[in-house]
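J.: So the sequence shown is numbered by my numbering: it starts at 192 and just counts up by one. The C-beta atom is built at its ideal place from N, Cα and C for all residues, glycine as well. As the structure is a computational prediction, the values presented were derived from the model and not from experiment. Attaching a single structure in structure tokens format; questions to follow.
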Amino acid sequence: MTDIRDSARSATQALRSLFEPTPLQRNEHLSARYGADIWLKREDLTPVRSYKIRGAVNAMRKVLAQTPDQEVFVCASAGNHAQGVAFACRHFGKRGVIFMPVTTPRQKIDKTRIFGGDAVEIRLTGDYFDQSLAAAQAYCAAEGAHFLSPFDDDDVIEGQASVAVEIIEQLGQAPDMVVLPVGGGGLAAGVRSYFRAVDAPSDFRYVEPLGGASLTAALKVGAPQTLPRVDSFVDGAAVARIGTRSFARLSDIPRSSVLLAPEDRICVTMLEMLNVEGIVLEPAGALAVDVLPVLADQIRGKSVVCVTSGGNFDFERLPEVKERALRFSGLKKYFILRLPQRPGALRDFLGILGPDDDIARFEYLKKSARNFGSVLIGIETNSTDSFAALFRRMEDAGFDYRDITEDETLANFLV
């Protein structure tokens, strides 16, 4: 295997014909909050708004150096790798066939078409990435096309290692800690491998979405495992099985260095970065920033680089992100109220609401009961303490209710 010090630097140099190094920016807001030097490596500012372009271009470059007559490249992707491959296909003048889950956000599909133009064909297949992956690999076997893995490929990992090359060059030294998002593991494997190869003393923290913790599962048994279920909300990192080659470079990391980010908490981070910093991050792109509160005691007084891995966010999803953020923060709750069927009952209920309690949802669920009716109510407020006070007033007034905010089955069905 080529020394990653040389190969990552070669990949970095090759990328300079396509785009300048992504910014490494000290974030004043986060630095002040945590008493640390917090730097954001803005991979959301590449031409395709994610780091995936690095691995795609490097892998295609190296294939073509060996087999210049290779005409068709194939990939499977939830969006970001697809855009990177589409960009590379047009750059190298090759044809691409891109398999994407049917559930991929429309924004990512449209951007893939824009970057690839006439050079690429998009096929929407399967509800999850791994179904798209199987379809892509079957196509390659039948057509003799070259498959470009989104993460499980040494040349892709090499390309992602260019992030590490730029971090050290831009900062002038290795930071005390690097916080990396993990999906299939290509970025984490590349960055860590380069830092270790140049004897950089940095600590690492790896962040997975709670509903797609494939690295955690692999570390438990010492080999990649296929998760039985994946939450697709963090679509850029929702992978059921970490890459074999990725895990080979990560298998010795301590399990305590891997952190899990709840999907609803990620929504809070996304909104804060948008509203406070004006930075648009997709769910996977917010992972590294999301765990800073968990790391607060470990990073005080230290230099920390968080890789914001992608900014391909479809703003049609913003209402969902706001909803999940409010619920996670305890500022919005849903409950079923058993409302007496008598004149003035609704007025009595409205009278016990506090001045900051806002009705966001009101729906009769059952209207046929003679004495009582079931009502679905959503309340938003501006303080987490408001609900405890509201529920006390409801109980004192004799109202029967059930809080279903954390009841996943009922909330998904009714809300």
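1. Cβ of A380 within 8 Å of Cβ of L441?
2. At 3 residues or longer, what runs of the beta strand (DSSP E) sit wholly inside the segment 225-288?
3. Which partner residues does H220 have in the DSSP bridge list?
4. What first and last residue would you give for the beta strand (DSSP E) that runs through Y397?
5. Note down, one range per segment and in chain order, each beta strand (DSSP E) of at least 3 residues found wholly within the segment 478-535.
6. Taking 8 Å as the cut-off, decide whether the C-beta atoms of A250 and V288 are in contact.
7. Bridge partners for D591 per DSSP, in chain order?
8. Nearest-angstrom Cα distance between T575 and N271?
9. Where R383 and T407 are concerned, what is the direct C-alpha to C-alpha distance, given to the nearest angstrom?
10. Less than 8 Å between C-beta atoms, sequence neighbours within five positions excluded: which residues of the same chain meet that for R245?
11. Nearest to R420 by CA position, among R432, A414, L371, K411, is which residue?
12. Terminal residues of the continuous alpha helix (DSSP H) containing M461?
13. Identify the continuous beta strand (DSSP E) that holds G381 and give its terminal residues.
14. Between N573 and D547, is the Cβ-Cβ spacing less than 8 Å?
15. In terms of residue numbering, what span does the beta strand (DSSP E) encompassing V566 cover?
16. Taking A227 and I490 to be in contact with their CB atoms under 8 Å, please state how far apart those CB atoms are, rounded to whole angstroms.
17. CB R584 to CB I550, shorter than 8 Å?
18. Could you spell out where the alpha helix (DSSP H) holding E195 opens and where it closes?
19. Drop a sphere of 10 angstroms on the beta-carbon of F506, count the other beta-carbons inside from all chains shown, and report buried for 16 or more, exposed for fewer.
20. What three-state label does DSSP hand T332 in the structure shown?
21. Hey, would you say A388 sits closer than 8 Å to D194, going by beta carbons?
22. Is the beta carbon of A602 sitting closer than 8 Å to the one on Y525?
23. Buried or exposed: A414, going by 16 or more other Cβ atoms within 10 Å of its Cβ?
24. Buried or exposed for L541, please, with buried defined as at least 16 other CB atoms from any protein chain shown within 10 angstroms of its CB.
25. Nearest-angstrom Cα distance between V254 and V606?
T.: Well, looking at it:
1. yes
2. 228-233, 263-267
3. DSSP, once it has assigned bridges, lists no residue as partnering H220.
4. 394-400
5. 494-499, 523-531
6. no
7. R529
8. 37 Å
9. 17 Å
10. A202, L206, T237, G275, G350, Q351, S353, V354
11. R432
12. 454-463
13. It is not in any beta strand (DSSP E) - G381 instead sits in the alpha helix (DSSP H) that spans 377-388.
14. yes
15. 563-571
16. 5 Å
17. no
18. It should be pointed out that residue 195 corresponds to Ile in this sequence rather than to Glu. Its alpha helix (DSSP H) spans residues 195-206.
19. exposed
20. The question names Thr, but residue 332 in the sequence shown is Ala. It is helical.
21. yes
22. yes
23. exposed
24. exposed
25. 49 Å
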